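Report on one structure; see the data block that follows.
There are 2 protein chains.
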Amino acid sequence: MTSAHELAAVAQRLFVAGGFDETSVEDIAAAAGIGRRTFFRYFPTKADVLFADSPRELARLREGLAEARPGEPYRTVVTRAVVEALRIPPGEREWALHRAQLFFTVPAVQAHAARVWAEWRRLAADHARTVPHADPLFPVAVGHAVLAGTLAAHEQWLTVPDEDLDRLLAGMLDLLLPPEPPPA
Amino acid sequence: MTSAHELAAVAQRLFVAGGFDETSVEDIAAAAGIGRRTFFRYFPTKADVLFADSPRELARLREGLAEARPGEPYRTVVTRAVVEALRIPPGEREWALHRAQLFFTVPAVQAHAARVWAEWRRLAADHARTVPHADPLFPVAVGHAVLAGTLAAHEQWLTVPDEDLDRLLAGMLDLLLPPEPPPA
DNA sequence: CCGCTTGTGACACCGAGTGCCATAACGTGT
DNA sequence: ACACGTTATGGCACTCGGTGTCACAAGCGG
């Protein structure tokens, strides 16, 4: 009996050691002591093992955006929500770094990431719709800015792993989030 | 004898008519009167038929960025370069719209798009490195802003196809490109 | 003990992508 | 015209990801 979490751990270890494409599902199943068919009952695709906790991250983003205090600048709210959603639990830093590496280098993984990212964009855009703004493009732009900032921060993080992801996220979002319109 | 261009046309028509995943390479090959194996000599993957002219777009972006006049604000240069690179030839508007639709809805296509998009980011980031800026994150942020603006414009375009893509691109980039530092 | 559900995995199948090889088309040199 | 090398083609077999079907075993309530 194997839990999805353990299975994901086994798989990611193999990916990091031998490459994503080079590691077959059969390899993973054998390493976990299960059948190939059973793997696909835990995860619909090979890439999905890397997205085990993205629903949790999404939920945290949603909560963070909902916690906006009235009068608080929207950029502050969004930045806090993103940083909070992507906070790395202590001890999982190297783990997260390896995962980020796979995200940026393996095309098949990015295909799946695209679906999750679309959800991020949607959440951010929905929140931006609560901010009055003259430009009708503003909400969609905010959605893409949030995603771009998140990806940029991770990309930068990969080249400077010693830096804190929090600071990179805040820095990138500060550059990318469109300015709030003056309160008139 | 089939040219790559004709083959791409046949394939995209089938994709639009019957869906990307539902259309097999064998279907495409049969419709084009060639063998399955030969298809893979023209295009390394099924998705690649949709990226036939992305090298040209990339080249145009590169040229546009190189044409910066001294003293011109970088945001102006970047916006002009992007709009110019993605200018749709007359008569291909519907064609481009269909392609954009596939880009946003089919995961397998996005995986390939990711590679092209990384190149866009790199070009834009390289150009941003010529702009003096206090924040070391500025170049990477610009790269992601360009990509985000391009994607946001296309996403918006899909919901409002009557709008001009040029205007949407300019509008999104205006919201997303980080401000230029004052000339000191 | 029976019957039901649930987890598991073996098998067969499809489609994408690849390596290998046979063959047809074609230009060139004699 | 003939032989030659090169190139385009496509058939065949294979790997791998993913799916549907079925059989089997474990568990649990009657």
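Those protein sequence lines, which keep their order, are chains A and B.
Following my numbering, the residues of the first sequence are numbered contiguously, the last one being 198.
Following my numbering, the residues of the second sequence are numbered contiguously, the last one being 198.
Just so it is clear, CB atoms sit at the ideal spot from N, CA and C, and this is done for glycine as well.
This one's a predicted model, so the numbers in the text were calculated from it and none came from an experiment.
- One Cα belongs to Ala-46/A, the other to Val-24/A, and the distance between them is close to 7 Å.
- Sequence-distant Cβ neighbours of Val-63/B in its own chain, meaning closer than 6 Å and more than five residues away, are Ala-22, Ala-25 and Phe-57.
- A Cβ-Cβ separation of about 4 Å places Val-160/B in contact with Ala-138/B under the 8 Å criterion.
- The Cβ neighbour count for Val-174/B, taken over all protein chains shown within 10 Å, is under 16; the residue is labelled exposed.
- Taking C-beta atoms as the reference points, Val-30/B and Val-92/B fail to come closer than 9 Å.
- Under the three-state reduction of DSSP, Leu-79/A is assigned to helix.
- For Arg-27/A and Leu-172/A, the gap between their C-alpha atoms comes out near 18 Å.
- When secondary structure is reduced to three states using DSSP, Val-120/A falls in the coil class, being assigned neither helix nor strand.
- At a Cβ-Cβ threshold of 9 Å, Phe-118/B and Leu-189/A do not count as neighbours.
- Residues of the stretch 165-194 of chain B with a C-beta less than 8 Å from any C-beta of chain A: Leu-165, Ala-166, Glu-169, Gln-170, Leu-182, Gly-185, Met-186, Leu-189, Leu-190 and Pro-192, listed in chain order.
- Taking 9 Å as the cut-off, the beta carbon of Glu-98/B is found closer than this to the beta carbon of Leu-75/B.
- In the three-state DSSP reduction, Val-174/B falls in the coil class, being neither helix nor strand.
- Here the alpha carbons of Arg-135/A and Val-145/A stand approximately 16 Å from one another.
- Residue state for Val-97/A is assigned as helix, using DSSP reduced to three classes.
- Residues are counted here when their Cβ sits less than 8 Å from a Cβ of chain B; for the stretch 114-131 of chain A these are Pro-121, Ala-122, Gln-124, Ala-125, His-126, Ala-128 and Arg-129, given in chain order.
- Taken atom to atom, the span from the alpha-carbon of Ala-61/A to that of Ala-82/A is near 34 Å.
- The beta carbon of Leu-75/B sits no closer than 9 Å to any beta carbon of chain A.
- Contact between Leu-179/A and Val-96/A fails: their C-beta atoms lie close to 11 Å from each other, not under 8 Å.
- Note on geometry: alpha-carbon atoms of Ser-68/B and Glu-106/B lie some 15 Å from one another.
- Not a single C-beta of chain A is nearer than 9 Å to the C-beta of Ala-148/B.
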